[in-house]
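A short write-up of the structure that comes next.
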Amino acid sequence: MELFANQVLAGIATGAIYACMALAVVMIYQAIDHLNFAQGEMAMFSTFVSWQLMQWGVPYWGAFVLTVAFSFAAGIVIERLLFKPLAKAPILTNVAGFIALYAIINSVAGLIWDFTIKQYPTPFGSSPFLGSQLISTHQAGMIGITLLMLVLLFFFFRFTRVGLAMRAAASLPESARLVGINTSWMIALGWGMAAAIGSIAGMMIAPVVFLEPNMMLGVLIYGFAAAVLGGLTSPFGAVMGGFLVGIFENLVGTYIPGVGNELKLPIALALIIVVLVVKPAGLFGRAIVKRV
Amino acid sequence: MSAAEEVEVVTEGQAVEAVPKRAMTLGYGTSLIVLAVLILIPLFVKNFIIFQMTMLLIYALAVMALNILTGGSGQFSLGQSAFYAVGAYTSAILMEHAGMNYALTLPVAGIVCFGFGFLFGQPALRLSGVYLALATFALATAMPQLLKLGYFEHWTGGVQGLVVTKPDAPFGLPMGQDMWLYYFTLAVSIGIYLASVNLLRSRSGRAFMAIRDNEIAASAMGVDVALYKTLAFGVSAGITGVAGGLGAIAVQFVAPDGYTIQLAISLFLGMVVGGVGWLPGSIVGSAFIIFVPNIAEGISKGLSGAVFGVLLFLVIFLVPHGARQVAIIAQQLAAKLKKN
Numbered sequence: 002m003e004l005f006a007n008q009v010l011a012g013i014a015t016g017a018i019y020a021c022m023a024l025a026v027v028m029i030y031q032a033i034d035h036l037n038f039a040q041g042e043m044a045m046f047s048t049f050v051s052w053q054l055m056q057w058g059v060p061y062w063g064a065f066v067l068t069v070a071f072s073f074a075a076g077i078v079i080e081r082l083l084f085k086p087l088a089k090a091p092i093l094t095n096v097a098g099f100i101a102l103y104a105i106i107n108s109v110a111g112l113i114w115d116f117t118i119k120q121y122p123t124p125f126g127s128s129p130f131l132g133s134q135l136i137s138t139h140q141a142g143m144i145g146i147t148l149l150m151l152v153l154l155f156f157f158f159r160f161t162r163v164g165l166a167m168r169a170a171a172s173l174p175e176s177a178r179l180v181g182i183n184t185s186w187m188i189a190l191g192w193g194m195a196a197a198i199g200s201i202a203g204m205m206i207a208p209v210v211f212l213e214p215n216m217m218l219g220v221l222i223y224g225f226a227a228a229v230l231g232g233l234t235s236p237f238g239a240v241m242g243g244f245l246v247g248i249f250e251n252l253v254g255t256y257i258p259g260v261g262n263e264l265k266l267p268i269a270l271a272l273i274i275v276v277l278v279v280k281p282a283g284l285f286g287r288a289i290v291k292r293v
Numbered sequence: 193m194s195a196a197e198e199v200e201v202v203t204e205g206q207a208v209e210a211v212p213k214r215a216m217t218l219g220y221g222t223s224l225i226v227l228a229v230l231i232l233i234p235l236f237v238k239n240f241i242i243f244q245m246t247m248l249l250i251y252a253l254a255v256m257a258l259n260i261l262t263g264g265s266g267q268f269s270l271g272q273s274a275f276y277a278v279g280a281y282t283s284a285i286l287m288e289h290a291g292m293n294y295a296l297t298l299p300v301a302g303i304v305c306f307g308f309g310f311l312f313g314q315p316a317l318r319l320s321g322v323y324l325a326l327a328t329f330a331l332a333t334a335m336p337q338l339l340k341l342g343y344f345e346h347w348t349g350g351v352q353g354l355v356v357t358k359p360d361a362p363f364g365l366p367m368g369q370d371m372w373l374y375y376f377t378l379a380v381s382i383g384i385y386l387a388s389v390n391l392l393r394s395r396s397g398r399a400f401m402a403i404r405d406n407e408i409a410a411s412a413m414g415v416d417v418a419l420y421k422t423l424a425f426g427v428s429a430g431i432t433g434v435a436g437g438l439g440a441i442a443v444q445f446v447a448p449d450g451y452t453i454q455l456a457i458s459l460f461l462g463m464v465v466g467g468v469g470w471l472p473g474s475i476v477g478s479a480f481i482i483f484v485p486n487i488a489e490g491i492s493k494g495l496s497g498a499v500f501g502v503l504l505f506l507v508i509f510l511v512p513h514g515a516r517q518v519a520i521i522a523q524q525l526a527a528k529l530k531k532n
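Sequence lines, in order, name chains A and B. Mapping the first sequence onto the numbering used here, position 2 (from 1) lands on 3, and the numbers just tick up by one. Mapping the second sequence onto the numbering used here, position 218 (from 1) lands on 410, and the numbers just tick up by one.
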């Protein structure tokens, strides 16, 4: 029983990483109705920017704020330059664009900062949290920040005019335009916010997985999985999904014999698919009704 | 707030463009010209280029298989690399362990993959869009790991993979192994291409397209949606399996790490560049995924990924509908010239 409890705790610790990323995934999904395959790479690039700032002597929280602002602007610029012209192109062409963006960012980051693994600092310290060896203060801090972002997002979408306009633009673009919402800028704003959230996720994740250009590859896959499991329409669901995927993964690795590190991911994904077959909108997502 | 307000009403945007079935193929004359070019080129080039052209045809087959699934029936798959791997391993195991003739292993690979795809299509029925993408993605990431498993090592060779012997030209034909393999692949590809074109023109093809354009309307017209959706998966997997088998013979080697998600992403890019729903575009898309990474590497070693990305962006900016758009523009130009 103690083994079980320990594994669940360890699962929550890794789940925090996925939850962070899943939040960024849900954000972009709310804005453009699609998964952005380059999201992880954008977050990685932001994290490198903050690392570079710190190398230049900027203190942690200063670098943190600057990086979030930079990512927000960069997200908007990417949307305006690269994806606005593709707005009328077929969706699959847009997906190809995400893959192209992925290749570009990954390769440029590799050229600037090369592929060696770098240490990344944490503001929370890395001593055991409340005497538990399984969760460090950094992981506890990360969970705290994730929950804080979740609350802020909830307030943003529920109680601000811009949040309402964004939701309207995402769910019914035509009608939103008719009531005077600039839907095109709402999409750009969504990109900016997703990039900003992604950069926070990156800076939280980097102390755990270490900083290098491919650090986000696995994390993004789990982030997608978590978001889909929790329901792509619900930020709360995404965070819960992140923790659930982390716990799943740990329990599978512990209790099913013969499952090494390599089979963890496929089995976690298979479980998610089983859940989706039963509940197609995800655990916390709203069912989408189609007009015929 | 009442329950009704909680539910979003979505008028569904079409995920995949509706391509009329006549627009899915090439005219008679153009087809013959392309065929003549494909037959004549190997007579004038070196062995390595012949090998590359063989791979071009093989990937074109795999891209076309995805095109039938996505452009034909409107379903999306990131798991094509898994079917490709199963086809490759089926061929390799039959050749190396059972001593079967290489040509005979291909239909077996096709049938095995058809079954596999058909079965996989069952749970996929309930999923669509991003969910289906995730499910097929899971399949693609699981496949290399499954092939490495200790239980199958006796057959699959584990991490090491299997070495396949290259066949000689039969009946004492005076040509090298590479050239024979190229013509063999060409013959298989033409056969499958013709079969696919006919499939899309048939009752089943019309059912696929009806499902792609509007699932509910299709079922109202009496199309068995579940059956045809799984059938599309099966057919697509079967063709990919044959391509995988051919690939194993051409590369003379199968190993788990040759069939990762990267292959599935490449095939997807090939489909987009070639034009979703336009079968002849598959060969253009296949050329893109084989040659453009090499070109990118040639332009800049350190930044090859970035160059590849920029080239891909250029293509989708200039022709968002892929090679099909180029073909349509060319056709209109030709018609204009005829009038004058």
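The beta-carbon is built from N, C-alpha and C at its ideal position, and this holds for glycine as well. On a predicted model such as this, the values are computed, not experimentally measured, just so you know.
For this session: Could you please tell me which residues of the segment 247-264 of chain B, in chain order, have their CB closer than 7 Å to any CB of chain A?
Result: Of all residues in the segment 247-264 of chain B, none has a C-beta nearer than 7 Å to a C-beta of chain A.
Problem set entry | A:Leu212 - partner residues in DSSP beta bridges | Taking the first residue of the first sequence as position 1, residue 212 of chain A is located at position 211. Answer is A:Lys119, bridged to A:Leu212.
Problem set entry | Rounded separation between A:Ile13 and A:Trp52 - CA only | Sequence index remark: in the first sequence, residue 13 of chain A carries index 12 (1-based). Sequence index remark: in the first sequence, residue 52 of chain A carries index 51 (1-based). Rounded to whole angstroms, the separation of the alpha carbons of A:Trp52 and A:Ile13 is 26 Å.
For this session: Check the Cβ-Cβ distances between A:Asn107 and every residue of chain B, and say whether any is below 9 Å.
Result: Reading the first sequence from its first residue, position 106 is the one you call residue 107 of chain A. Yes, A:Asn107 lies at the interface with chain B (some Cβ there is under 9 Å from its Cβ).
Problem set entry | Helix, strand or coil at B:Leu218 according to DSSP, with G and I counted as helix | Against the second sequence, residue 218 of chain B aligns to sequence position 26. Assignment of B:Leu218 by DSSP, reduced to helix, strand and coil, places it in the coil class.
For this session: Please determine if the segment 79-95 of chain A and the segment 15-29 of chain A are in contact, where contact requires at least 3 C-beta pairs separated by less than 8 Å.
Result: Cβ pair count under 8 Å is below three, so no.
Problem set entry | Contact set between B:Pro315 and chain A, taken where Cβ atoms lie within less than 8 Å | Residue numbering aside, residue 315 of chain B sits at position 123 when the second sequence is read from its first letter. Contact of B:Pro315 with chain A by beta-carbon distance below 8 Å involves Ile274 and Val278.
Problem set entry | Min CB distance A:Leu112 to chain B below 9 Å | Residue 112 of chain A sits at position 111 when you count from the first residue of the first sequence. True, the Cβ-Cβ gap to chain B drops below 9 Å.
Exercise. Of all the residues that make up the segment 215-241 of chain A, which are near chain B by a beta-carbon distance shorter than 9 Å?
Worked result: Answer in chain order: Ile222, Phe225, Ala226, Val229, Leu233 and Thr234.
Exercise. Per DSSP, what kind of secondary structure is B:Phe268 in: helix, strand or coil?
Worked result: In the second sequence, counting from the first residue as 1, residue 268 of chain B sits at position 76. Secondary structure at B:Phe268: coil, using DSSP grouped into helix, strand and coil.
Problem set entry | CA-to-CA distance, A:Val279 to B:Pro315, given in whole angstroms | As a first step, residue 315 of chain B must be located in the second sequence, where it is residue number 123. As a first step, residue 279 of chain A must be located in the first sequence, where it is residue number 278. Computed Cα separation, rounded: 10 Å.
For this session: Count the other C-beta atoms from every protein chain shown that fall within 10 angstroms of the C-beta of B:Ser194, then say buried if there are 16 or more, exposed otherwise.
Result: Stepping through the second sequence from its first residue, residue 194 of chain B is reached at position 2. Unreliable positioning characterises B:Ser194 in this predicted model, as indicated by a pLDDT of 37, which lies under 50. The coordinate reading is nonetheless provided below. Flag for B:Ser194 reads exposed.
Exercise. With C-beta atoms as the reference, is B:Gly436 less than 9 Å away from B:Val300?
Worked result: Position 244 of the second sequence, counted from the start, is the residue given in the question as residue 436 of chain B. Position 108 of the second sequence, counted from the start, is the residue given in the question as residue 300 of chain B. Cβ atoms of B:Gly436 and B:Val300: not closer than 9 Å.
Problem set entry | Any C-beta of chain B under 9 Å from that of A:Gly98 | Translated into the one-based positions of the first sequence, residue 98 of chain A becomes position 97. True, the Cβ-Cβ gap to chain B drops below 9 Å.
For this session: Rounded to whole angstroms, what's the CA-CA distance from A:Ala170 to B:Ala424? Just pull it up for me.
Result: Counted from its first residue, the first sequence places residue 170 of chain A at position 169. Counted from its first residue, the second sequence places residue 424 of chain B at position 232. Rounded to the nearest whole angstrom, the CA to CA distance from A:Ala170 to B:Ala424 is 35 Å.
For this session: Find the residues of chain A that neighbour B:Phe344, judging by a C-beta separation of less than 8 Å, and give them in chain order.
Result: Here residue 344 of chain B corresponds to residue number 152 of the second sequence, with the count starting at 1. Listed along chain A, no residue sits closer than 8 Å to B:Phe344 by beta-carbon distance, the nearest being about 13 Å off.
Exercise. Buried or exposed: B:Thr357, going by 16 or more other Cβ atoms within 10 Å of its Cβ?
Worked result: The sequence position of residue 357 of chain B within the second sequence is 165, counting from 1. Result: exposed.
Exercise. In the DSSP assignment, what are the bridge partners of A:Ser51?
Worked result: In the first sequence, counting from the first residue as 1, residue 51 of chain A sits at position 50. Partner(s): none; A:Ser51 has no beta bridge.
Exercise. Quick one: what does DSSP say B:Val300 is sitting in, helix, strand or coil?
Worked result: Within the second sequence, numbered from 1, the residue matching residue 300 of chain B stands at position 108. Looking at B:Val300 - three-state DSSP - the assignment turns out to be helix.
For this session: Check A:Ile281 in the structure and name its three-state DSSP category.
Result: Counted from its first residue, the first sequence places residue 281 of chain A at position 280. Just to set this straight, residue 281 of chain A is Pro in the shown sequence, not Ile. Residue state, collapsed to three classes: coil.
Problem set entry | Listed by chain order, chain A residues near B:Tyr451 by CB distance under 7 Å | Counted from its first residue, the second sequence places residue 451 of chain B at position 259. Neighbours of B:Tyr451 on chain A: none; closest Cβ ~14 Å, over 7 Å.
For this session: Within 10 angstroms of the Cβ of B:Asn532, are there 16 or more other Cβ atoms? Answer buried if so, exposed if not.
Result: By 1-based counting over the second sequence, the position of residue 532 of chain B is 340. Answer is exposed; the Cβ neighbour count stays below 16.
For this session: Check B:Ser496 in the structure and name its three-state DSSP category.
Result: Along the second sequence, read from residue 1 onward, the residue named residue 496 of chain B stands at position 304. When DSSP states are grouped into helix, strand and coil, B:Ser496 belongs to the helix group.
Problem set entry | Positions along the segment 137-148 of chain A whose CB lies within less than 7 Å of some CB in chain B | Listed in sequence order: no entries.
For this session: Give, in chain order, every residue of the segment 69-98 of chain A whose Cβ lies closer than 9 Å to some Cβ of chain B.
Result: Those would be Leu83, Pro86, Leu87, Lys89, Ala90, Pro91, Ile92, Leu93, Thr94, Asn95, Val96, Ala97 and Gly98, in chain order.
Problem set entry | Neighbourhood of A:Glu213 by C-beta distance below 8 Å, restricted to the same chain and skipping five residues each side | Numbered from 1 along the first sequence, position 212 holds the residue referred to as residue 213 of chain A. Closer than 8 Å at the Cβ level, and outside the excluded window around A:Glu213, lie Phe116, Thr117, Ile118 and Lys119.
Exercise. Looking at the C-beta of B:Thr333, does it have a partner C-beta in chain A at a distance below 9 Å?
Worked result: Taking the second sequence and counting its residues from 1, the one referred to as residue 333 of chain B is at position 141. True, the Cβ-Cβ gap to chain A drops below 9 Å.
For this session: For B:Val502, go through chain A and note every residue whose CB falls closer than 8 Å to its CB, in chain order.
Result: Mapped onto the second sequence, residue 502 of chain B falls at position 310. Against chain A, a Cβ distance below 8 Å from B:Val502 picks out Ala101 and Ile105.
For this session: Look up B:Ser320 in the DSSP assignment and say whether it is helix, strand or coil.
Result: Against the second sequence, residue 320 of chain B aligns to sequence position 128. B:Ser320: coil per DSSP, three-state reduction.
For this session: Indicate whether the contact test is met: 3 or more Cβ pairs, each with one atom in the segment 415-434 of chain B and one in the segment 225-234 of chain B, closer than 8 Å.
Result: The segment 415-434 of chain B makes no contact with the segment 225-234 of chain B; the number of CB pairs closer than 8 Å stays below 3.
Exercise. For the alpha helix (DSSP H) that contains B:Asp405, what are its first and last residues?
Worked result: Within the second sequence, numbered from 1, the residue matching residue 405 of chain B stands at position 213. DSSP places B:Asp405 in the uninterrupted alpha helix (DSSP H) bounded by Arg395 to Asp405.
Problem set entry | Those residues which DSSP pairs with B:Pro234 across a bridge | Locating residue 234 of chain B in the second sequence gives position 42, where the first residue counts as 1. None; B:Pro234 has no bridge partner.
Problem set entry | Residue environment, B:Asp152, which counts as buried when at least 16 other CB atoms sit within 10 Å | For residue 152 of chain B there is no data in the structure shown, the boundaries of chain B being 193 and 532.
Exercise. Do we get a CB-CB distance below 9 Å when we pair B:Tyr323 with the residues of chain A?
Worked result: Here residue 323 of chain B is taken as the residue at index 131 of the second sequence, counted from 1. Cβ-Cβ to chain A under 9 Å: yes for B:Tyr323.
Problem set entry | Sheet register partners of B:Val446 (DSSP bridge) | Mapped onto the second sequence, residue 446 of chain B falls at position 254. Paired residues: B:Leu354.
Problem set entry | Coil, strand or helix - A:Ser137 by DSSP | Numbered from its first residue, the first sequence carries residue 137 of chain A at position 136. Three-state result, A:Ser137: strand.
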